[in-house]
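**Student:** Can you keep this structure in mind? I'll have questions shortly.
Structural data, given as structure tokens:
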């Protein structure tokens, strides 16, 4: 495994940058200068890697000329795109599923052309009106997959498998994120799904923050990671404070830097690396200064990742005996 | 606009320093050594600028001799007072309004003599017994202005206008803070009030933290800032985590560093600067280590403020074309 | 008083390291290499001092040979153990009290041999099943002492006095932690207990975080510290955010770095030092990255502790007059 703490690809998600500018125009149609403005801000806080979140820009929908402009902007800013993330365009969407599948295929080709190694995808659908009215969208329920319907399950497996094979041809991994009320709504369901797909380049994005922020009982984070880390090939990390008030039953969660939330990423990262995880890590953060917190998280992660290839157990014992005697 | 990230006047509020010392004596009557002790602590955490909060010391009530002592202490410590803040001495107070008005006039003169450029003021009244019993005083309702009474409104406008004219003569701005249940209890009300006053040196202190910490529905912070930033001439910044539990209706807020709370100050500062805001920024923080968090916030703000005067849009596009082209 | 900010013994608790390894074996029986692995991680984040929490390793239950191995590991890593902490082995436990008393005696001897100066102890008993099922164990009630039973009280005082005399012979302090529903469940009760023991080397560990995280009304932290700091001879510091929702009665608390929680440690440390406190400070943190936050807290504490012996009041006034004049 080649990465060390210093070289591990840790990317900024672009969640905090809306796809529609204040004048009502779309980032998709914006001049390259507008793209450069956003991307330079990402670079300025310390990121070399960008996870191209498609809520900001849909690389799969650019013309070749505009794609070239975008690639040129990245080069100009010395930024790399190790992963491209499709959000809220589920291939299991009952209305837009087929359209979303075609879009995912286009995105694989565009991502490969950009040099990305991962297509990140999920089964979450567009925010509902109720979600948009909340302070935090996850405080209302969103659209749900028909997890117990074998036909729906099989069709979703088939579509992801189809994307997986295309991605393999293009040299990409496909990673699917844990997300409530979808086929990846629990660790167990995600593992079962990935085993049904059974392709070496299709794995789990163990984004347990999506579940830990919910105002409902959730599985222990230790258990969710124990189940999903063996299948992880990419990782969107984020953290939340969480308390469950015994007096009233209130559940309260707030976005927190990785270091400060309920998940112990020191242990989580160590366990993942011990299991052989060597994927792209993407920093996401909702609320407040998402970009600034993501940069802080990136620096924190580098203190947790191995600074050099670990000694084997036997060698390590020898070294210790020498020193401790 | 002359300020850059390095030179922008960012001041420490003195909220965490009580006006009554542990032996029961008043800071007002304390020897200069006591003032120096407090002010040096503010300097030691990294501040060059102090917002002279009058819950600690009422500059308007010092004799000329003691005023000179205070000014000498500031010089000795290389501290500047760009703003003086009057708290809980509302000119609309039904009992003490007239007395508070006279006090505000004295404070303008004293602040000018000290070299301050801003008088910060608000319509909040002394804490009620119920507020003092709370863990956080804002968890109980305080005194309220008669916002819908045209006579009360007109009298408040008249008194602020009177202060505004005096302040203009003395070379000061007047800035009035957003505060729940007062004439500045909502962004809309604040804007209407400022337009009624209609003086170039009287503006809004868009202290939206005062509203976001409340256990009641509040307007989106983005909307409050969009309405008030065009009128901002001074800014008390603070942040809070906030969650609204859909299960029980519980609302939970806790004081947070600027970077970690619900308001995105990265966007807020950028928008303010784009609108031409060039006022004093004051760091307030309740709970825990208010001074330490204020210092952390000051350093964070300097990473958000423009490091140099922005290029005009045309020039910027030219530069980009040259590099990206 | 010899300590300064740089030299003050600030130790890491080992709460985040379980006593049972993942393979089901015990840290107690683990090879020295396993101990070194854990202790080096503590050193790597910046600690020179370790508070030997017995939920990880019971120094009192090691054979002389294994004790020597442990001491050698500490020397190898340049780590000091200024304090040993016994947790959840109350000498007032109705079942295991006598056994726990014998264990505490053994631990005093072992701690002294290791060069520790403090035995930290408390009346908290093993977690109940209900506590273990909670997200945070303190969200359910645990075992309680019979605080109002004079016989139980007297027996507890006698046992602590017995330990105190043994510790004095061995050159150790004994410090007892504030803990809900025990003899040290309130500041008043803790003070009364310590006065009943009345030994110069037995004092209070004013670990108010244990109480401030509870979902019930708690005494103001300022009042708890005012009562207990005069008796403090060792201090486990930790902090929590806390809010009490007036709408629903919900109480919400989450673990927070020292700087960010409800207790103002800037004031607390200053008051403690002014009262002559010169004890070991131990950083504890539950939830998330306990070790990383403890290291952050250690660095923060060093910014609060006096950088040099304070000038006497008269000298200080002289210096000021000279400068301010």
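Protein chains in written order, with the numbering used here: chain G, 1 to 325; chain D, 1001 to 1325; chain R, 2001 to 2325.
The beta carbon of each residue, even a glycine, is placed where N, CA and C say it ideally should be.
Since we're looking at a predicted model, the values are computed, not measured.
#1: Tell me whether the beta-carbon of residue 1174 (chain D) lies closer than 9 Å to the beta-carbon of residue 1210 (chain D).
#2: Examine chain D for any beta-carbon lying closer than 9 Å to the beta-carbon of residue 2300 (chain R), and answer yes or no.
#3: Keeping to the same chain, check which residues put their C-beta closer than 8 Å to that of residue 43 (chain G); ignore five residues upstream and five downstream.
#4: Can you tell me whether DSSP reads residue 1082 (chain D) as helix, strand or coil?
#5: Where DSSP assigns a beta bridge to residue 1143 (chain D), which residues make up the other side?
#6: Would you list the residues sitting across from residue 2240 (chain R) in a DSSP beta bridge?
#7: Cβ of residue 2070 (chain R) within 9 Å of Cβ of residue 2010 (chain R)?
#8: Between the C-alpha atoms of residue 1187 (chain D) and residue 1227 (chain D), what's the straight-line distance to the nearest angstrom?
#9: For residue 2209 (chain R), return the contacting residues in chain G, with the cut-off set at a CB-CB distance below 7 Å.
#10: Would you tell me roughly how many angstroms separate the C-alpha atoms of residue 314 (chain G) and residue 2033 (chain R), rounded to the nearest one?
#11: Less than 9 Å separating the beta-carbons of residue 148 (chain G) and residue 181 (chain G)?
#12: Could you tell me whether any Cβ in chain G is nearer than 9 Å to the Cβ of residue 1258 (chain D)?
#13: Counting along the chain, where does the beta strand (DSSP E) carrying residue 1012 (chain D) start and finish?
#14: With a CB to CB cut of under 7 Å and the five nearest residues on each side skipped, what residues in its chain are close to residue 1189 (chain D)?
#15: Could you tell me whether any Cβ in chain R is nearer than 9 Å to the Cβ of residue 239 (chain G)?
#16: Keeping to the same chain, check which residues put their C-beta closer than 6 Å to that of residue 2005 (chain R); ignore five residues upstream and five downstream.
#17: Under 9 Å between the Cβ atoms of residue 213 (chain G) and residue 267 (chain G)?
#18: Mind checking if residue 1250 (chain D) is an interface residue toward chain G, Cβ cutoff 9 Å exclusive?
#19: Could you check what DSSP says for residue 221 (chain G) in three-state terms: helix, strand or coil?
#20: Establish whether the CB of residue 1205 (chain D) and some CB of chain R are separated by less than 9 Å.
#21: From the DSSP output, which residues share a beta bridge with residue 1202 (chain D)?
#22: Buried or exposed for residue 2223 (chain R), please, with buried defined as at least 16 other CB atoms from any protein chain shown within 10 angstroms of its CB.
#23: How about residue 2061 (chain R): is its C-beta nearer than 9 Å to some C-beta of chain D?
#24: Taking the continuous beta strand (DSSP E) assigned at residue 282 (chain G), which residues delimit it?
#25: Going straight from the alpha carbon of residue 2090 (chain R) to that of residue 2163 (chain R), what length do you get?
#26: Contact between the segment 291 to 300 of chain G and the segment 255 to 263 of chain G is defined here as three or more beta-carbon pairs at a separation below 8 Å; is this criterion met?
#27: What first and last residue would you give for the beta strand (DSSP E) that runs through residue 52 (chain G)?
#28: State the Cα-Cα distance for the pair residue 287 (chain G) and residue 2101 (chain R), rounded to the nearest angstrom.
#29: Are the segment 2128 to 2137 of chain R and the segment 231 to 241 of chain G touching by the rule of at least three beta carbon pairs closer than 8 Å?
#30: Any beta carbon from chain R within less than 9 Å of residue 289 (chain G)'s own beta carbon?
#31: Do you know offhand how far residue 1019 (chain D)'s Cα is from residue 1036 (chain D)'s?
#32: Quick one: Cα of residue 103 (chain G) to Cα of residue 276 (chain G), how far?
#33: Quick one: grab the DSSP three-state call for residue 2020 (chain R).
#34: Taking 9 Å as the CB-CB cut-off, is residue 983 (chain D) touching chain G?
#35: What does the Cβ neighbour count give for residue 1017 (chain D), buried or exposed, with the cut at 16 atoms within 10 Å?
#36: Any idea if residue 1158 (chain D) is buried or exposed, counting beta-carbon neighbours within 10 angstroms, 16 or more meaning buried?
**Tutor:** Concretely, from the data shown:
#1: no
#2: yes
#3: Excluding five sequence positions before and after residue 43 (chain G), the CB atoms of its chain that fall closer than 8 Å to its own CB belong to 77, 78, 79, given in chain order.
#4: strand
#5: Partner(s): none; residue 1143 (chain D) has no beta bridge.
#6: In the DSSP assignment, residue 2240 (chain R) forms a beta bridge with R:2255.
#7: no
#8: 6 Å
#9: In chain order: nothing, as chain G lies at least about 15 Å away.
#10: Because residue 314 (chain G) carries a pLDDT of 38, less than 50, the predicted location of this residue cannot be relied on, and the following value inherits that uncertainty. Answer to the nearest angstrom: the Cα atoms are 11 Å apart.
#11: Result no, Cβ atoms of residue 148 (chain G) and residue 181 (chain G) do not sit closer than 9 Å.
#12: Residue 1258 (chain D) counts as touching chain G.
#13: Element bounds for residue 1012 (chain D): 1010 to 1012.
#14: 1147, 1183
#15: yes
#16: 2302, 2305, 2307
#17: no
#18: yes
#19: helix
#20: no
#21: Per DSSP, D:1174.
#22: exposed
#23: no
#24: 281 to 283
#25: 12 Å
#26: Result yes; three or more Cβ-Cβ pairs closer than 8 Å.
#27: 49 to 53
#28: CA-CA distance, residue 287 (chain G) to residue 2101 (chain R), rounds to 51 Å.
#29: no
#30: no
#31: 14 Å
#32: Residue 276 (chain G) has its alpha-carbon roughly 32 Å from the corresponding atom of residue 103 (chain G).
#33: strand
#34: Because residue 983 (chain D) is not part of the residues shown, which for chain D are 1001 to 1325, the question remains open.
#35: buried
#36: exposed
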